[in-house]
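**Student:**
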Amino acid sequence: MEKSILLASFLPLLLFLLPDCVLGDDPYRFFTWNVTYGDIWPMGVKQQGILINGQFPGPQIEAVTNDNLIINVFNSLPEPFLLSWNGVQQRRNSWQDGVYGTNCPIPPGGNFTYVMQVKDQIGSYFYFPSLAFHKAAGGFGGIRVLSRPLIPVPFPPPAADYTLLIGDWYKANHTDLRYMLDSGKDLPFPDGILINGRGQYGNTFTVEQGKTYRFRVSNVGLATSLNVRIQGHAMLLVEVEGSHTLQNTYSSFDLHLGQSCSFLVTADQPPMDYYIVVSSRFTSTVLSTTAVLHYSNSGAQPVGPPPGGPTIQIDWSLNQARSIRWNLTASGPRPNPQGSYHYGLVNTTRTIRLANSAPVINGKQRYAVNSVSFIPADTPLKVADFYNIPGVFSLGSMSDNPTYGAGYLQTSVMAANFRDYVEIIFENSEDTLQSWHIDGYSFWVVGMDGGQWTPASREGYNLRDAVARCTVQVYPKSWSAIYMPLDNVGMWNIRSENWARQYLGQQFYLRVYSPANSWRDENPIPRNALLCGRASGRRTRPL
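Letter by letter, the sequence shown follows residues -24 to -1, 1 to 519 of mature numbering (1 follows the signal peptide of the UniProt record, and there is no 0).
1) Would you report the Cα separation of valine 40 and arginine 120, rounded to the nearest angstrom?
2) Is the beta carbon of serine 236 less than 9 Å from the beta carbon of alanine 210?
3) Would the stretch 333 to 349 and the stretch 53 to 72 be scored as touching if the rule is three or more Cβ pairs under 8 Å?
4) Can you have a look at aspartate 230 and say buried or exposed, based on whether 16 or more other CB atoms are within 10 angstroms of its CB?
5) Are aspartate 291 and aspartate 73 close, meaning C-beta to C-beta below 9 Å?
6) Measure from the alpha carbon of asparagine 195 to the alpha carbon of each residue in Asn469, Asp43 and Tyr103, then state which is nearest.
7) Are threonine 139 and serine 272 touching if we call contact CB-CB under 9 Å?
8) Go ahead and label glycine 197 buried or exposed: buried means 16 or more other beta carbons lie within 10 angstroms of its beta carbon, across all protein chains shown.
9) So asparagine 29 and asparagine 10 are supposed to be a Cβ contact under 8 Å. How far apart are they, rounded?
10) How would you label proline 81, buried or exposed, when you count the other beta carbons within 10 angstroms and need 16 or more for buried?
11) Looking at C-beta atoms only, is the number of pairs between the stretch 324 to 335 and the stretch 394 to 414 that lie closer than 8 Å three or more?
12) Whole angstroms is fine: what's the gap from tryptophan 412's alpha carbon to arginine 503's?
13) Would you kindly check if the distance between the Cβ of glycine 208 and the Cβ of glutamine 245 is under 9 Å?
14) Taking 6 Å as the limit between beta carbons, can you name the residues of its chain near proline 247, skipping five residues before and five after?
15) Determine the burial state of glutamate 217: buried for a count of at least 16 other Cβ atoms within 10 Å of its Cβ, exposed for fewer.
16) For the stretch 485 to 495 against the stretch 381 to 396, do three or more pairs of beta-carbon atoms, one drawn from each stretch, fall closer than 8 Å, so that the two count as touching?
17) Whose C-alpha, out of Pro83, Tyr101, Ile142 and Asn44, is nearest the C-alpha of alanine 112?
18) Using a 10 Å radius around the Cβ and a threshold of 16 neighbouring Cβ atoms, would you call valine 21 buried or exposed?
19) Suppose the cutoff is 8 Å on Cβ atoms and the five residues either side in sequence are ignored; what does the same chain contact list for leucine 371 look like?
20) Quick one: what's got a C-beta closer than 7 Å to proline 18's C-beta in the same chain, skipping five residues either side?
21) Could you check whether leucine 213 and proline 134 sit closer than 9 Å to each other, using their CB atoms as the reference points?
22) Nearest by alpha-carbon distance to alanine 432: which of Ala457, Ser375, Tyr380 and Cys446 is it?
23) With DSSP collapsed to three states, give me the class of leucine -19.
24) So the candidates are Asn42, Gly115 and Ile16; which of them puts its Cα closest to the Cα of valine 49?
25) So, using beta-carbon positions, are asparagine 203 and serine 256 closer together than 9 Å?
26) Ordered along the chain, which non-local residues of its own chain (more than five positions away) have a Cβ less than 6 Å from that of valine 368?
27) If you follow the alpha helix (DSSP H) that tryptophan 420 is part of, which residue opens it and which one closes it?
28) Is it right to say asparagine 44 is buried, meaning 16 or more other beta carbons lie within 10 angstroms of its own, or is it exposed?
29) Leaving out five residues before and five after methionine 424 in sequence, what residues of the same chain have Cβ atoms less than 6 Å from its Cβ?
30) CA-CA distance, valine 450 and asparagine 404?
31) Consult DSSP for glutamate 435 and reduce its assignment to one of helix, strand or coil.
32) Among Ala108, Asn295, Leu263 and Ile300, whose alpha-carbon lies nearest the alpha-carbon of proline 282?
33) Flag this pair as yes or no: are the beta carbons of arginine 440 and serine 219 separated by less than 9 Å?
34) Contact check, tyrosine 363 vs proline 461 under 8 Å by CB: the rounded distance?
35) Measure the alpha-carbon distance for serine 454 versus valine 448 and round it to whole angstroms.
36) For the beta strand (DSSP E) containing threonine 266, name the first residue and the last one.
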């Protein structure tokens, strides 16, 4: 009865948002979120945080493969706001991506309803605010996409499913951090690490003796790779960003910026409390924080100091990353086996090499890809493309190869063709680890190694069971290679997950184009699309 009333109350909204679509059998899940500023004390210091429905972190999204998500976001901030969905692929639907290259911001006092489907997806993801360095103030939350009941999962149902949103944190307000970046300075070293918005001993996860639990972990931080471990317990890796993995056991695991994964942990130790530890990687000063794994029949506090983890060992992390493989015998979101698509037997049609750099431009610190430091246009690129508004961007503004020249400012967009099959090599000549994310896509990480990439590097590619994911790390003085089918039409953001680098230009957009101009390939512009810049005052659809 309650479900019928809820559906009836949202039916007018659905008819407005989806007039050209047939409401199918896939369920709808409705969310109404109010975004506000509020006081938070995550590290014992009062800060201005971004709350969603009064919560920091924000509410968790629970979904099942193919569910339709209707998320009505009210912006009660005194400035524009957008939410993006890290890892949710937005099939045929970059209109809902929630980054400035595709969407006009939600104005202060306004609202926007995101309409998206977790089509043929499973796994662990998160959402976050994408504008104005808001990510440093909160506004993020977890996303779980479960398999449909008839699709087998390669492990027994866990006793409970826990989410850990881990990330570095600053005591300064995000406005102060943004001012530093706008002034041409880089950010200082973070002040600490949070787990689910709390610092040291701020979280307790209760387990029962002998039962197994799923822990979904996402690195939602700004600047730092992190390592997670649980005192006295093995962690069985079962999923990475929507792919079931070979079930390798780890005593600790590296999670780089923007990455998500799932572990199974069995409560098979004597009944007491144990430390869950998260610490920084590749930093001269090691930051760490702890939570508690509490046995329900525990009569004792954790014993001894929290277990130490790796610190600056790059080879250790590289070897661990290579050990992550696709589980070819497991079902994905569809009944067919995940590995039935033989990605390594398909000839690539294009090779793209992307090199990060840190130029100083006009006396200010900037970051770049192939020497281009991205600057936002006055109109979102997707909107300008749809209305054929000239002068907003140029498709010739992003090269397929590094130029190794001086950095320069440009609204950089790379042209690509629908159904091409591309090889992308991320090249890192710097001394810091890089982390890259591609919106709208999942790709196979076929190789990573130290030194300079050459065509001969392909001889070491994994063309059989490389894991498919949406975020990949590139170690210092190293490269990482991916294969990616361009099967999702739209304007898609490729960015550094180091948020200062992203903010200062280390990003660009990939325009995946289909000449068919068919709704089969890409959804039409939503009737509720916000229009701004040079598109202000236009109609979203013909009357």
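Glycine residues also receive a C-beta, built at the ideal position from the N, C-alpha and C atoms. The model shown is predicted, which means the values in this text are computed figures rather than measured ones.
**Tutor:** Taking the coordinates as given:
1) Sequence index remark: in the sequence shown, residue 40 carries index 64 (1-based). Sequence index remark: in the sequence shown, residue 120 carries index 144 (1-based). Each residue's Cα considered, the two are about 8 Å apart.
2) Locating residue 236 in the sequence shown gives position 260, counting from the first residue. Locating residue 210 in the sequence shown gives position 234, counting from the first residue. No, they are not a contact pair.
3) No contact exists between the stretch 333 to 349 and the stretch 53 to 72.
4) Position 254 of the sequence shown, counted from the start, is the residue given in the question as residue 230. With 16 or more neighbouring CB atoms inside 10 Å of its own CB, aspartate 230 falls in the buried class.
5) Working through the sequence shown from its first residue, we reach residue 291 at position 315. Working through the sequence shown from its first residue, we reach residue 73 at position 97. Contact: no.
6) Residue 195 sits at position 219 when you count from the first residue of the sequence shown. Comparing alpha-carbon positions, the option among Asn469, Asp43 and Tyr103 lying closest to asparagine 195 turns out to be Tyr103.
7) What you label residue 139 is simply residue 163 of the sequence shown in a count that begins at 1. What you label residue 272 is simply residue 296 of the sequence shown in a count that begins at 1. Between threonine 139 and serine 272, the C-beta spacing is not below 9 Å.
8) For the purposes of this step, residue 197 is identified with residue 221 of the sequence shown, where counting begins at 1. Per the 10 Å Cβ criterion, buried.
9) For this step, residue 29 is matched to residue 53 along the sequence shown. For this step, residue 10 is matched to residue 34 along the sequence shown. Going by Cβ atoms, the distance from asparagine 29 to asparagine 10 rounds to 6 Å, so yes, they are a contact pair.
10) As a working note, residue 81 is residue 105 in the sequence shown. Proline 81 should be labelled buried.
11) Yes, the stretch 324 to 335 is in contact with the stretch 394 to 414.
12) Position 436 of the sequence shown, counted from the start, is the residue given in the question as residue 412. Position 527 of the sequence shown, counted from the start, is the residue given in the question as residue 503. Approximately 32 Å, taken between the alpha carbons.
13) For the purposes of this step, residue 245 is taken as the residue at position 269 of the sequence shown. For the purposes of this step, residue 208 is taken as the residue at position 232 of the sequence shown. Taking 9 Å as the Cβ cut-off, glutamine 245 and glycine 208 qualify as a contacting pair.
14) Looking up residue 247 in the sequence shown gives position 271. The answer, listed in chain order, is Gln185, Tyr271, Asn273 and Ser274.
15) Stepping through the sequence shown from its first residue, residue 217 is reached at position 241. Buried.
16) With three or more CB-CB distances shorter than 8 Å, the stretch 485 to 495 counts as touching the stretch 381 to 396.
17) Taking the first residue of the sequence shown as 1, we reach residue 112 at position 136. The option with the nearest alpha carbon to alanine 112 is Ile142.
18) Counted from its first residue, the sequence shown places residue 21 at position 45. It is exposed - the Cβ of valine 21 has fewer than 16 other Cβ atoms within 10 Å.
19) Residue numbering aside, residue 371 sits at position 395 when the sequence shown is read from its first letter. Result list for leucine 371: Val389, Met390, Ala391 and Arg487, in chain order.
20) In the sequence shown, the residue the question calls residue 18 occupies position 42. Here the set comprises Trp145, Leu170, Gly173, Arg174 and Gly175.
21) For this step, residue 134 is matched to residue 158 along the sequence shown. For this step, residue 213 is matched to residue 237 along the sequence shown. At least 9 Å separates the beta-carbon of proline 134 from that of leucine 213.
22) Counting from one through the sequence shown, the residue named residue 432 turns up at place 456. Closest by alpha carbon: Ala457.
23) Numbered from its first residue, the sequence shown carries residue -19 at position 6. For leucine -19, the predicted model reports a pLDDT of 44, less than 50, meaning its position is unreliable; a value from the coordinates is still stated below. Reduced to three states, the DSSP call for leucine -19 is helix.
24) Translated into positions along the sequence shown, residue 49 becomes position 73. Shortest Cα-Cα distance from valine 49 to any of Asn42, Gly115 and Ile16 involves Gly115.
25) Residue 203 sits at position 227 when you count from the first residue of the sequence shown. Residue 256 sits at position 280 when you count from the first residue of the sequence shown. Taking 9 Å as the cut-off, the beta carbon of asparagine 203 is found closer than this to the beta carbon of serine 256.
26) Locating residue 368 in the sequence shown gives position 392, where the first residue counts as 1. Around valine 368: Ala353, Thr355 and Ala360.
27) Within the sequence shown, the letter at position 444 stands for residue 420. Here tryptophan 420 belongs to no alpha helix (DSSP H); instead the beta strand (DSSP E) covers 419 to 426.
28) Position 68 of the sequence shown, counting from 1, holds the residue named residue 44. By the 10 Å Cβ count, asparagine 44 comes out buried.
29) One-based indexing of the sequence shown puts residue 424 at position 448. Only Ser456 meet the Cβ criterion.
30) Translated into the one-based positions of the sequence shown, residue 450 becomes position 474. Translated into the one-based positions of the sequence shown, residue 404 becomes position 428. Their Cα atoms are separated by approximately 7 Å.
31) For this step, residue 435 is matched to residue 459 along the sequence shown. Correct three-state label for glutamate 435: helix.
32) As a working note, residue 282 is residue 306 in the sequence shown. Nearest of Ala108, Asn295, Leu263 and Ile300 to proline 282, Cα basis: Leu263.
33) To locate residue 440, count along the sequence shown from 1; it is residue 464. To locate residue 219, count along the sequence shown from 1; it is residue 243. Taking 9 Å as the cut-off, the beta carbon of arginine 440 is found no closer than this to the beta carbon of serine 219.
34) Taking the sequence shown and counting its residues from 1, one reaches residue 363 at position 387. Taking the sequence shown and counting its residues from 1, one reaches residue 461 at position 485. Going by Cβ atoms, the distance from tyrosine 363 to proline 461 rounds to 28 Å, so no, they are not a contact pair.
35) Within the sequence shown, the letter at position 478 stands for residue 454. Within the sequence shown, the letter at position 472 stands for residue 448. Those two C-alpha atoms are separated by around 13 Å.
36) Here residue 266 corresponds to residue number 290 of the sequence shown, with the count starting at 1. For threonine 266, the uninterrupted beta strand (DSSP E) segment begins and ends at 264 to 271.
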